[in-house]
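Take the sequence shown: its position 169, counting from 1, is numbered 169 in UniProt numbering, and each next residue is one higher.
Written out below as structure tokens is the structure these notes cover.
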Amino acid sequence: MVRLVRVTTPRARARAQTMSDILRIAREHLATGGASALSLRAVARDLGVVSSAVYRYVRSRDELLTLLVVDGYDALGDAVDAALADAVDDPVERLRITARAVHTWALAEPAWYGLLFGTPVPGYTAPAERTVIPGTRVILTLVRIIAEAHARQLLTRPAVDPPVSSTLSRDFTRIRDEFDMDLPDWALARALTVWCTLFGAVSFDVFDMYGGDTFTDRGQVFELHIAALESLLGA
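As structure tokens, this is what we get:
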């Protein structure tokens, strides 16, 4: 068998290292000043080069934000994948592990999480062609876990189906076709609620929306949310 060996030149390695340094410094600025204050000039200053040198790697502030967004989604997705790697073959337990992994990553990277799920950056729109695939990694993981739970008949169908309009039902059909999964409308409606509730609960914690003195043990509060997610799902 002939193996293709990727040859990395010193110049390519140096370029990759510079890009890594740019993104590292940008994440530091994101943590201290927020996304709105992100500046290529400030990144160049901390990198110890003139701003024109940075522009050879990153064309604009928006390009830098996009790189941070993609890296953030991938970092979150990697954290979830790592947490699930050795998890038991139980969809409900895998749902719990996914929720905890999202929560843990978000608390460790609050500024990065804020860029992905917080207040939009004025004047910036993330390009869908670059961000949708990484941005849906965790969502797709959640839906596949829920689909597996449904396939194993672990979900209890509601006594009354949720009010899914014909328009929303068409959306659900498109989602089923796109991700090749077999979930009825009522289960997809629950999956939608679980997704939104999970990230809402995480955001409450990351952005300190409870207030500093309300709860002594935030971890226990999040476990209550996980139990509620299971109830919402009908598991």
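Each residue gets a CB set at the ideal place from its N, CA and C atoms; glycine is no exception.
For Glu93, the secondary structure class from DSSP, reduced to helix, strand or coil, is helix.
Taking 8 Å as the cut-off, the beta carbon of Ala111 is found closer than this to the beta carbon of Leu30. Less than 8 Å separates the beta-carbon of Thr193 from that of Leu232.
Close CB contacts of Gln17 within its chain, under the 6 Å cut and outside five residues either way in sequence, are absent. Listed in chain order, the beta strand (DSSP E) runs fully inside the segment 143-193 amount to none, counting runs of at least 3 residues. For Val121, no alpha helix (DSSP H) segment is defined, and its DSSP state is neither H nor E. Nearest C-alpha to Leu47 among Thr32, Glu28, Gly34 and Asp62: Glu28. Distance from the Cα of Asp185 is smallest, within the candidate group Ser52, Gly212, Thr167 and Arg137, for Thr167. Comparing alpha-carbon positions, the option among Phe204, His225 and Pro162 lying closest to Arg190 turns out to be Pro162. Leu107 sits close to Asp205, with the two beta carbons spaced by under 8 Å.
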